[in-house]
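**Q** Mapping of the sequence shown onto our numbering: residues -14 to 439, in sequence order.
In this text, a Cβ means the ideal position worked out from N, Cα and C, and glycines have one as well.
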Amino acid sequence: MPTTTLFILGASGDLTSRLLLPSLAALMSKHPKRKVILRGAGSEDWDATTWRAAVTEAFTDAPEALAHVTLSDYRQADVTDAGAVASLVESLEPSTVLYFALPPAVTAAAIDAMAGLTLPAGTVLAMEKPFGEDEASARALNEKLLALVPEQQVFRVDHFLGRSTLLNLLGVRLANRIWEPVWSAEHIQAVLIRFDESVALEGRARYYDKAGAMIDMIQSHLLQVLALLAMDPPATLDERDLRDAKAAVLRATHVFGDDVNESTRRAQYTAGRVGDRDLPAYRDEDGVDAARQTETLAEVVFEVASDRWAGVPFVLRSGKALPKKCSEVVVTFKPVRHLPPGLSGVPADGGRLTFSLGPDEMSLRLHVTGGDDPFALREENLLADLGEGQQRSYEEVLDELLDGDVALSVRADEAEECWRIIQPVRDAWASDAVPIEEYAAGSPGPAAWATSQA
Ligand code: NDP
């Protein structure tokens, strides 16, 4: 297995210490044959001993993995400074993975500072979310990146859906004749993609208060899940076929009915209790600017305007401080066309397929008889355990990055489309056309929302 150099910009930051380095440790302990040279740059004035101590601490859970990592230099550098960036680029070995673990504005400035430089062959640029701040800035960033390296060497991290979960979803859908023929507006009534979190702000106001639930989850992650569910079956799972199929869906996606008033809702949590934790109101959390009216719960209904999907609502919902974590995809089928009279308890749907993510489980809710009254319909769930699955962890991200596999990274056009899709919602929310509602922390969300009852 070849040795790869991983060079982290922002090596003294939160993402690096909390997620990247511990995930690298876990990965290396599972794949001891892999060899990595680790380099870092950051704003802190660290010497070699401090850098080693920071990495060793992050490897606490898998100290043996340190043996497979060659700890190279840490350099203090302002990565927005053209001179510092030029010297950093000069020091790169071919095929280095350059990970921008930096605040988005700093990443954008670092890419500007690289303009005109020649990166060694095979350099991979790993970009964190949010990628840009709207369609125009994402496009401008893409143009700058693509002037430096080809698209196959840009890895826009989407850390939400792991490879195993993605394959679980695709496997069930594509390998069974009972699904593929009914996977369309002809038979499907609605699709819900939900990511409810019980955690609240957790000190991340600096980022979250500007992003809010829609950009944090719907724009960055849940639209990717929508694209996977709604895409035409790709001929292969290689990056080109998979990303072409997803991009085609995203190009066809828009707010349902182009009606932001009917199809979007936003809310913010007030003080409450989640489990055994008392939470202050969001607006009273440290670092929050109450005047921003940032939503901590968002729901947007989209339509994929294509022959396969026109008319089917895809409801995407995500929020914080909810009673429990719930990460699922629910596909509800249309009622059957005719049910013989005499059966009682006529159902409102024709069955429901639910994927719960991480650990992955599939449940199929069927209408059956066979209770005390042989003519009465009732519901029964068929459950299948699909394995651990993964809400994409940084271990998986690093595994793919070090393998040079970009299939699950977000392609340039997809990143731009996801901003284009949500822009009308941002405009409507910014102008208060859709009022912000409230829900108590620990409650399922505003009572009037159908998704709060489900
Ligand atoms: P931080 O605010 O912790 O910044 C990362 C590092 O970049 C810090 O060490 C910071 O140093 C350094 N830095 C800032 N400016 C410069 C500069 N000009 N030159 C060199 N270094 C600089 O951010 P995070 O680590 O939280 O996030 C990084 C990225 O990862 C963001 O895009 C974020 O959205 C994304 N992300 C973060 C997650 C998390 O849990 N933290 C989760 C998922 C994604 P200093 O502090 O001294 O300014």
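Please name the residue, chosen from A426, L154, E288, that lies closest to G257 on a Cα-to-Cα basis.
**A** Looking at the Cα atoms, A426 is the closest of the given residues.
**Q** What would DSSP say about M112, mapped onto helix, strand or coil?
**A** M112 falls in the strand class under three-state DSSP.
**Q** Judging by CA-CA distance, which residue of L83, K305, A125 is the nearest neighbour of P105?
**A** Among L83, K305, A125, the Cα nearest to that of P105 belongs to L83.
**Q** Tell me whether the stretch 37 to 50 and the stretch -13 to 7 touch, counting them as touching only if at least three CB pairs, one residue from each stretch, are closer than 8 Å.
**A** Output reads yes: the stretch -13 to 7 touches the stretch 37 to 50.
**Q** Whose C-beta lies closer than 8 Å to the C-beta of L264 among residues of the same chain, with five residues either side of it excluded?
**A** Closer than 8 Å at Cβ, skipping near neighbours: A185, Y254, A256, G257, R258, A306, A426, G427.
**Q** Got a sec: does the ligand NDP put a non-hydrogen atom nearer than 8 Å to the Cβ of A62?
**A** Result yes, Cβ under 8 Å from the ligand NDP.
**Q** Less than 8 Å between the CB of K114 and some heavy atom of the ligand NDP, yes or no?
**A** Yes; taking the cut-off as 8 Å, the Cβ of K114 has a heavy atom of the ligand NDP nearer than that.
**Q** Are there 16 or more other CB atoms within 10 angstroms of the CB of H323, so buried, or fewer, so exposed?
**A** Flag for H323 reads exposed.
**Q** From what residue to what residue does the beta strand (DSSP E) around E422 run?
**A** Looking at the DSSP string, the run of the beta strand (DSSP E) that includes E422 is 421 to 425.
**Q** Is any heavy atom in the ligand NDP found nearer than 8 Å to the beta carbon of G(-5)?
**A** At least one heavy atom of the ligand NDP is nearer than 8 Å to the Cβ of G(-5), so yes.
**Q** Here's a check: name, in chain order, each residue in its chain whose Cβ is nearer than 6 Å to the Cβ of L475, leaving out the five neighbours to either side.
**A** Nothing about residue 475 can be read from this structure; the chain reaches only from -14 to 439.
**Q** When the Cβ atoms of the stretch 106 to 117 are set against those of the stretch 171 to 178, are three or more pairs found closer than 8 Å?
**A** In short, these stretches do not touch, since the Cβ pair count stays below three.
**Q** Check whether the stretch 150 to 165 and the stretch 290 to 308 are in contact - that is, three or more C-beta pairs closer than 8 Å.
**A** No, the stretch 150 to 165 does not touch the stretch 290 to 308.
**Q** When the Cα atoms are used, what is the spatial distance from Y424 to V74?
**A** Those two C-alpha atoms are separated by around 49 Å.
**Q** Does DSSP put F145 in a helix, a strand or coil?
**A** Three-state result, F145: coil.
**Q** Starting from R191, trace the alpha helix (DSSP H) in both directions and tell me its first and last residue.
**A** First-last of the alpha helix (DSSP H) with R191: 190 to 198.
**Q** Measure from the alpha carbon of D58 to the alpha carbon of each residue in G101, Q137, T(-10), S205, then state which is nearest.
**A** The candidate whose alpha carbon is nearest that of D58 is T(-10).
**Q** Mind checking whether the beta-carbon of G(-2) lies closer than 8 Å to any heavy atom of the ligand NDP?
**A** At least one heavy atom of the ligand NDP is nearer than 8 Å to the Cβ of G(-2), so yes.
**Q** In angstroms with no decimal places, state the Cα-to-Cα distance between S329 and L222.
**A** Going by the C-alpha atoms only, they are around 45 Å apart.
**Q** Could you tell me which residues DSSP puts in a beta bridge with R250?
**A** Answer is E284.
**Q** Can the beta-carbon of V285 be found less than 9 Å from the beta-carbon of V321?
**A** No, the Cβ-Cβ distance between V285 and V321 is not below 9 Å.
**Q** Comparing the CB of T65 with every heavy atom of the ligand NDP, is any distance shorter than 8 Å?
**A** T65 Cβ: within cutoff of the ligand NDP.
**Q** Three or more C-beta pairs under 8 Å: does that hold for the stretch 138 to 152 against the stretch 270 to 287?
**A** Not touching, per the Cβ criterion.
**Q** Tell me whether the beta-carbon of I22 lies closer than 9 Å to the beta-carbon of T(-12).
**A** For I22 and T(-12), yes; Cβs fall inside 9 Å.
**Q** With a cut-off of 8 Å on the beta carbons, I'd call E401 and R141 a contact; round off their distance for me.
**A** 11 Å between Cβ atoms; not a contact.
**Q** Can the beta-carbon of L235 be found less than 9 Å from the beta-carbon of I406?
**A** Going by C-beta atoms, L235 is nearer than 9 Å to I406.
**Q** Let me check one thing: in DSSP terms, what residues is G304 bridge-paired to?
**A** DSSP lists D181, L282 as partners of G304.
**Q** Any heavy atom of the ligand NDP closer than 8 Å to the CB of R179?
**A** Checking every heavy atom of the ligand NDP against the Cβ of R179, none is found closer than 8 Å.
**Q** Would you kindly work out how many angstroms separate the C-alpha atoms of R447 and P431, rounded to a whole number?
**A** Examination of residue 447 is not possible in this model, given that the chain is present from -14 through 439 alone.
**Q** Round the Cβ separation of T249 and Y267 to the nearest angstrom and send it over; I've been treating them as touching at under 8 Å.
**A** Going by Cβ atoms, the distance from T249 to Y267 rounds to 19 Å, so no, they are not a contact pair.
**Q** Say the cut is 8 Å; is the CB of L89 nearer than that to a heavy atom of the ligand NDP?
**A** According to the sequence as given, residue 89 is Pro; it is not Leu. Yes, the beta carbon of P89 sits closer than 8 Å to at least one heavy atom of the ligand NDP.
**Q** Measure the alpha-carbon distance for A442 versus H53 and round it to whole angstroms.
**A** Here the chain covers residues -14 to 439 and nothing more, so residue 442 does not appear.
**Q** For the ligand NDP, is there a heavy atom less than 8 Å away from the beta-carbon of T92?
**A** Because some heavy atom of the ligand NDP lies under 8 Å away, the Cβ of T92 counts as near it: yes.
**Q** Between the beta-carbon of A62 and the beta-carbon of S72, is there less than 9 Å?
**A** Closer than 9 Å, so yes.
**Q** How is K129 classed by DSSP in three states: helix, strand or coil?
**A** Looking at K129 - three-state DSSP - the assignment turns out to be helix.
**Q** Within the present structure, is the beta-carbon of R191 separated from the nearest heavy atom of the ligand NDP by less than 8 Å?
**A** Yes, the Cβ of R191 comes within 8 Å of a heavy atom of the ligand NDP.
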